Amino acid sequence: MKLMIKSGGSFFYDGKRCTIGAVISLKGLPYMVTVSHLFRGEGDHLTVDGMKLAVTRILKNYDLALIELPPECIVNITELGSAAELEEAFLVNNIHIIRCRIINSGVSLLYLGFRCLDMPEPGDSGSPILQAGKVIGIISSVMLDNCMGIAISSNVLRSLGR
560 MKLMIKSGGS FFYDGKRCTI GAVISLKGLP YMVTVSHLFR GEGDHLTVDG
610 MKLAVTRILK NYDLALIELP PECIVNITEL GSAAELEEAF LVNNIHIIRC
660 RIINSGVSLL YLGFRCLDMP EPGDSGSPIL QAGKVIGIIS SVMLDNCMGI
710 AISSNVLRSL GR
């Protein structure tokens, strides 16, 4: 049985479980989006739902990787939202949900505050950040010393289709 490929789901790269940040449509084709720092570069192979795929494009300026999905994939295109500052948000993947708060937001980055006892783990890179059920960003890095995180804003994902 084929699984639905969606935001917060898993894929495997280099023997590790990784997280899908979003599934977007570019020029009518479905793409999986995650953070690029997981990969060595374009052409790297990963496995999602038993299929071997390759990293299609790396956007180093934004720490994003795009993976084109075959048209026969069952996908759930991600609904993108906009961050509301100083409001609660959630890091969500198929392992756990972690509460956070949007401390500040810019055009391309969101700054997040986490409870120090409930921080994202290394396998959470690329996880979607949700507010009101919509993806507002993709977690890129975490600073354990001050319980803060940085996410790539959904504004960047929206701009890819233009």
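Per the numbering used here, the very first residue in the sequence shown carries number 560; after that it's consecutive. The beta carbon of each residue, even a glycine, is placed where N, CA and C say it ideally should be. Computed from a predicted structure; not experimentally measured.
Candidates the options, of which the one nearest residue i by Cα
i: E647; options: T606, Y670, S595; result: Y670
i: V651; options: G692, L618, I626; result: G692
i: K565; options: L628, V634, P630; result: V634
i: S699; options: F570, H596, M563, G587; result: H596
i: F571; options: G602, G587, V582, L612; result: L612
i: G587; options: P630, M702, V701, N653; result: P630
Separation of residue j from residue i, as counted between CA atoms
i: M678; j: C706; result: 7 Å
i: G568; j: T578; result: 6 Å
i: D683; j: M610; result: 21 Å
i: H604; j: L676; result: 34 Å
i: D573; j: R660; result: 32 Å
i: L618; j: G600; result: 10 Å
i: H655; j: R674; result: 15 Å
Same chain only: Cβ atoms within 6 Å of residue i, ignoring 5 sequence neighbours per side
i: G580; result: V592, T593, G685, P687, I697
i: L689; result: F649, V651
i: I695; result: G640, A642, I688, S713
i: F598; result: V614, A624
i: V701; result: P679, G708
Neighbourhood of residue i by C-beta distance below 7 Å, restricted to the same chain and skipping five residues each side
i: Y621; result: S667, I711, V715
i: T606; result: F570, F571
Residues that DSSP places opposite residue i in a beta bridge
i: S584; result: P589
i: R660; result: E647, G672
i: F570; result: C577
i: E638; result: According to DSSP, which records beta bridges pairwise, E638 is partnered with nothing at all.
i: S700; result: I709
Contact check, residue i vs residue j, beta carbons under 8 Å
i: D608; j: K561; result: yes
i: S664; j: E644; result: yes
i: L628; j: P681; result: no
i: I709; j: I636; result: no
Contacting residues, own chain, Cβ-Cβ under 8 Å from residue i (five flanking each side not counted)
i: H585; result: The residue you asked about is not His; residue 585 is Leu in the sequence shown. Result list for L585: L625, L719, G720, in chain order.
i: I662; result: E644, L645, Y670, L671, G672, M707
i: R717; result: L639
Cβ-heavy atom distance, residue i to the ligand SAH, below 7 Å
i: H604; result: Looking at this structure, you won't find the ligand SAH or any other ligand, since it has none at all.
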